[in-house]
Every structure is written in structure tokens, then in C-alpha cells.
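Below, the structure written as C-alpha cells:
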């Protein structure tokens, strides 16, 4: 019996978000719109550039955002990750608990070191540029997996960023096989252009065969497929999963299922911060499909949730905001 809607594995990161100018971003030497892995000294250097500036701290990590979104909508989720025995690790563990997400962190002893963190730099055009210090999550391994919980889930979701971590990738792939053997649907995201450019063999392994759901944005799809021609991209992506959600920002989403293409319009908003938009879409979409909604309606809910999160600063929404989004979704006829 499938008693969990979603089991996910990914990087446990505490996000600290700063508003910066494009000139600041250039002085910091940060690649705009993309995720860059950094080490401890580089993190310290970047923090010097924003010393004294106001910041916002939240639980983060791509798959972490996705499971929280699903749980806020009323779904049941489990998240496998790794933190250190420090203040950030305690913050992250408590944040998952506060949002109703079950996790291996309540069953394992935190490790020495530093919990992973991500500096999220938001420019006035609402673009987010991320500098990620993996810390403890770089050592995420198979010990984080709960095979019995994977087997009782409807969907097993692998964060594409794990392609950059040998042990994390191995853990994701072991969980993938457990899920496949148990008849659990498989899902992943291409995560970021940097993952496609530098870690494609790992992403290829995560995508593998028999993938049920794939999430990516248009820029990621263009780099993956090596073209800007939309029909060619859709054709190539259709071979990767049974259902592909190609998100296109204000142009909405294209749901690809074999030769079928369904365009789902975006909700019109003024974007101020795109951090977490794709994660939010995936969480809302997976909630909907695991609760009997059609994929086009699931994409409609995903678009609504993503629109709400980009219209504010921060990578997550309050549970009350998610409840309002779902109420509007039902009112519009999500079936």
C-alpha cells in the first residue's frame, strides 16, 4: 500500500538570500542566473561583499523546497538528506518537522563539520544567482536511504544537483533501483545549466530508463538538447520520460507526453525573486498527480504556486498561502 505521496533525496542547504545590484554581482565574480559550487574560503570572500546587508534565512535545497511545497498542500512526504551537528543543521531539521515532512534526520546522528548553505543573490530583474557550499551534504550517501519508505511511496524524486556528488549520486541511484523494483514512479529535474554542462553523465544516470516525470526550464532544455528550436526540444525531451514539464516563466508550461503537447498558461504576476520557482512547480504538480488530478490541471496548480513564490522574496510560501492557492485551483475546476 502506498502511504507516502513523495519520497525525495537531495542536498540539505540553508538558504541566505541577499538583494544585490548587477554591479555587485560582477564585482563578486558570480555567474548570473546559475548555480556555482564554492568552497569555504570562497564563501567567506563572498560574505565580505555583502557584510552589513539585510538577509533572509530559510530552509532550502531544491528537493527540500519541493517536498515542503507538497506537504503544505496536504501531501505526505519523506526527505533523505544530510546535515552537520551545528546550529544550521538543527535549524534545517526543525524546519522540515515544522512543515510536516518526515526525514532520516530524526533517525541518524548528525555528523561533524558544517551544514550546507547557499548564498542566493537576487538582482533587480528578479533573477537569482546561487553560490552553494555543500558542507556536510557533500557526504550524503546510502545510509540516508529508508528502503521501506521508498517502497511505500507513490513517487521517488531525485534532485538533479546530486549529479555533482559521487556519494550522493550513488545513493540516489540505489534508491532509484529500490523504487523501480517496488513499482514506484520515478521523477527528477535537470536542476541547472551548470549541472548539464559539467555533470551530464550523472544526470544521464539519474534520468536513466522508465522515468515517469521530468521537470526542466527552457534554458536547461536548450542546453540539454543543443538547440533553441522548440519543436526539436519537445521531441527530444519526450524520449526521456512519460511526462515532461517544460517551464517557460511568463509563457507558462508545456506538458509533453509522447507526441502530445499541452500548453498551460502562466499566472500573470510581477516577478521580484525567481528563487524556488521550479521547485515550487514540481511540488505542486506532484501533489496534484498523486491525488488524482490530470496532468494539465497539475501543471495549472504548479504555475499558480510558482507565480506566487516569484512575486515575493524567498524560496518558499507559508502554508496559508498554499491553502489559498489550492482553494483557487479547485474553484477554477482542477479535476
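Numbering (my numbering), first residue to last: 4 to 338.
C-beta: ideal position from N, C-alpha, C; glycine also.
Among the options, nearest to residue i - alpha-carbon criterion
i, options, result
"residue 16", "94, 294, 157", "94"
"residue 269", "311, 235, 232, 293", "311"
"residue 234", "216, 286, 259", "259"
"residue 162", "152, 178, 4", "178"
"residue 86", "42, 264, 111", "111"
"residue 327", "5, 35, 77, 36", "77"
"residue 254", "275, 238, 221, 240", "221"
"residue 309", "251, 296, 292", "251"
"residue 189", "202, 201, 160", "160"
"residue 38", "333, 90, 201", "201"
"residue 75", "300, 210, 290, 249", "290"
"residue 43", "19, 284, 264, 119", "119"
"residue 101", "117, 114, 80, 121", "80"
"residue 358", "56, 332, 123, 165", "This structure cannot speak to residue 358, because the chain is shown only from 4 to 338."
"residue 267", "299, 246, 295, 242", "299"
"residue 8", "275, 152, 169", "152"
"residue 4", "34, 155, 133", "155"
"residue 321", "333, 71, 227", "71"
"residue 26", "182, 107, 125", "125"
"residue 274", "136, 318, 304, 296", "318"
"residue 169", "264, 141, 210, 121", "141"
"residue 192", "288, 107, 185", "288"
"residue 365", "279, 199, 240", "Because residue 365 is not part of the residues shown, which for the chain are 4 to 338, the question remains open."
"residue 216", "103, 6, 242, 114", "242"
Helix, strand or coil at residue i [DSSP, three-state]
i, result
"residue 210", "helix"
"residue 156", "strand"
"residue 130", "coil"
"residue 229", "coil"
"residue 41", "coil"
"residue 162", "coil"
"residue 10", "strand"
"residue 290", "helix"
"residue 122", "strand"
"residue 96", "helix"
"residue 16", "strand"
"residue 319", "coil"
"residue 60", "strand"
"residue 24", "coil"
"residue 52", "helix"
"residue 144", "coil"
Residue i classed as buried or exposed, judged by whether at least 16 other C-beta atoms fall within 10 angstroms
i, result
"residue 97", "exposed"
"residue 180", "exposed"
"residue 60", "exposed"
"residue 330", "exposed"
"residue 58", "exposed"
"residue 109", "exposed"
"residue 231", "exposed"
"residue 229", "exposed"
"residue 73", "buried"
"residue 302", "buried"
"residue 92", "buried"
"residue 34", "exposed"
"residue 295", "exposed"
Contact with chain C by residue i, beta-carbon distance below 7 Å
i, result
"residue 128", "Reference to chain C is not applicable here, since this structure consists of a single protein chain."
Integer Cβ distance of residue i from residue j, believed to fall under 8 Å
i, j, result
"residue 40", "residue 167", "6 Å"
"residue 49", "residue 31", "6 Å"
"residue 176", "residue 147", "Between residue 147 and residue 176 the Cβ distance is about 13 Å, and since that is not below 8 Å, they are no contact."
"residue 157", "residue 293", "5 Å"
"residue 224", "residue 249", "6 Å"
"residue 174", "residue 144", "5 Å"
"residue 256", "residue 306", "6 Å"
"residue 13", "residue 64", "5 Å"
"residue 276", "residue 316", "5 Å"
"residue 84", "residue 67", "7 Å"
"residue 3", "residue 272", "With the chain covering only 4 through 338, there is no way to say anything about residue 3."
In DSSP terms, what residue i is bridged to
i, result
"residue 198", "None; residue 198 has no bridge partner."
"residue 105", "81"
"residue 218", "192, 248"
"residue 260", "263"
"residue 87", "114"
"residue 277", "Paired residues: none, contrary to the question."
"residue 366", "This structure gives no information on residue 366, because the portion of the chain shown stretches from 4 to 338."
Distance cut-off 6 Å: residue i Cβ against heavy atoms of the ligand ATP
i, result
"residue 286", "Judged by which ligands are present, the structure shown has none, so any question about the ligand ATP falls away."
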